[in-house]
Amino acid sequence: MTPKPVGGKLVTMKDLDNMLNYKARPAVQTQTAWQAPIMWEGMWEALDYDRIHADNHTSVALTVFAVGRYLEAYLETFLVSAEQHFMIGLPVMYYVFTERPEDVPIIDLAPHRNLRVIRVKRHSRWQDISMMRMKTISELIDSEIKYLFSHVFCFDVDQRFVGRFGSEALGDSVALLHAHYYTLPKTRFSYDRNNKSKACMETGDYYYHAAIFGGSCGSVKAIADACLAGIVEDKQNGVEALWHDESHLNKYFFIHKPSKLLSPEYCWDRNLNRKDIFVTRLIWAPKDYDRLRVQEPTAADNGTAPL
Ligand code: 5GW
Ligand code: MN
């Protein structure tokens, strides 16, 4: 790798996070106790990240699931807005998982950006749709993504890009601070507290939002495999974690600290009104649960059905 001059200095990819200005946002925490950066607007120069990543041939796979009514409700807006804001200037592959490939909208893509649709089966319980993403992601990293891309980001579909979501978000293992919890004390975090679940935790560092996680291929595969193992073991024991895959993700990131955290600027709920959010990059789409739920769980289908 050839170092490139930035502001007269030679800078490599490794140096980028060391150049972050941790004092740029005095009102918020910009670094974890284990020295991982928490990415808040103002801490970096976007063009530095973009240039170094382009020079190093960084490439990004984005996985997104659009099963059942989520396909019509969210996918087109998600993809069209991603083309405006997600990793602009880098090669990107969107991997769309759905049970109805023929209904995936056709989107104009910029050069070096592609989309592949992968058919998945539709689980009848919505909890399983969400949780089984981990299995599908792990398998695709192994069979394809790790050969083609340096990084992978996994997204919920029920959101819309409204601002830059760029190469500064890339790291070895990347977790997102949940917009509803980042100002609350730990005691109010919504961890799974049922000691029969593998996701059970008494305390933690932060409450992470499963709507976005990412990192290098190896790290994301490890995240997905560990969460899946917890989910499967819970099924065998007849339990389900409080927030499904998100509970397992929180447990994983407590044990294996993420190397980079994204501030809630990266996934914001516009129903909240806070002065410490300087930009919004991705926003939650409105939910209409009655229309969207594939099937309500029944008493006979109490979370212990085989996957
Ligand atoms: C539907 C109803 C309840 C929970 C999940 C679903 C569901 C989720 C679905 O029917 N189809 C689907 O593709 N998903 C995928 O799982 C979407 O990518 C969705 O963004 C993700 C997580 O489910 P969400 O967004 O409903 O979960 P929360 O925690 O954001 O409410
Ligand atoms: Mn969601």
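Take any residue in the sequence shown, count from 1 to its spot, add 436: that is its number in this note's numbering.
Heads up, the beta-carbon is just placed ideally off N, CA and C, and yes, glycines get one too.
Distance from the C-beta of A502 to the nearest heavy atom of ligand 2 is not below 7 Å.
Taking C-beta atoms as the reference points, D486 and G602 count as a pair closer than 8 Å. Taking every protein chain shown into account, the CB of Q595 has 16 or more other CB atoms within 10 angstroms, so this residue is buried.
Here the alpha carbon of Y531 sits roughly 24 Å from the alpha carbon of V668.
Distances taken from the Cβ of A615 to the heavy atoms of ligand 2 include none shorter than 7 Å. For T466 against Y458, the beta-carbon gap comes to about 5 Å, under 8 Å, which counts as contact. When only Cα atoms are considered, R555 and Y618 end up about 36 Å apart. Excluding five sequence positions before and after G478, the CB atoms of its chain that fall closer than 8 Å to its own CB belong to N457, A460, R461 and F714, given in chain order. D641 is not a Cβ neighbour of A635, given a cutoff of 8 Å. Looking at the DSSP output, S609 shares a beta bridge with G651. Of all alpha-carbon atoms in R549, W476 and R624, the one lying nearest the alpha-carbon of I524 is that of R549. Here the alpha carbon of I648 sits roughly 6 Å from the alpha carbon of C590.
Around the beta carbon of R505, fewer than 16 other beta carbons lie within 10 angstroms, which makes this residue exposed. If you compare the alpha carbons of I488, I659 and D608 with that of L446, the shortest gap goes to I488.
Taking 8 Å as the cut-off, the beta carbon of E604 is found no closer than this to the beta carbon of A721.
The beta carbon of A647 sits closer than 7 Å to at least one heavy atom of ligand 2. In this structure, DSSP gives W562 a helical state, which the three-state scheme calls helix.
Remark: three or more beta-carbon pairs, one from each stretch, lie closer than 8 Å, so the stretch 652-671 and the stretch 566-585 are flagged as touching.
In this structure, R706 lies near I719, with their beta-carbon atoms less than 8 Å apart. Spatial neighbours of Y725 in its own chain (CB-CB distance under 8 Å, excluding positions within 5 residues in sequence) are not present.
For the pair V598 and T513, the CB atoms are not nearer than the 8 Å cut-off. Distance from the Cα of H692 is smallest, within the candidate group W476, N492, A611 and L664, for A611.
Counting along the chain, Q520 sits inside no beta strand (DSSP E); it lies in the alpha helix (DSSP H) bounded by residues E512 to H521.
If you ignore the 5 residues before and after D578, its C-beta comes within less than 7 Å of the C-beta of K657, all in its own chain and listed in chain order. For Y702, there is no enclosing alpha helix (DSSP H), since its DSSP letter is neither H nor E.
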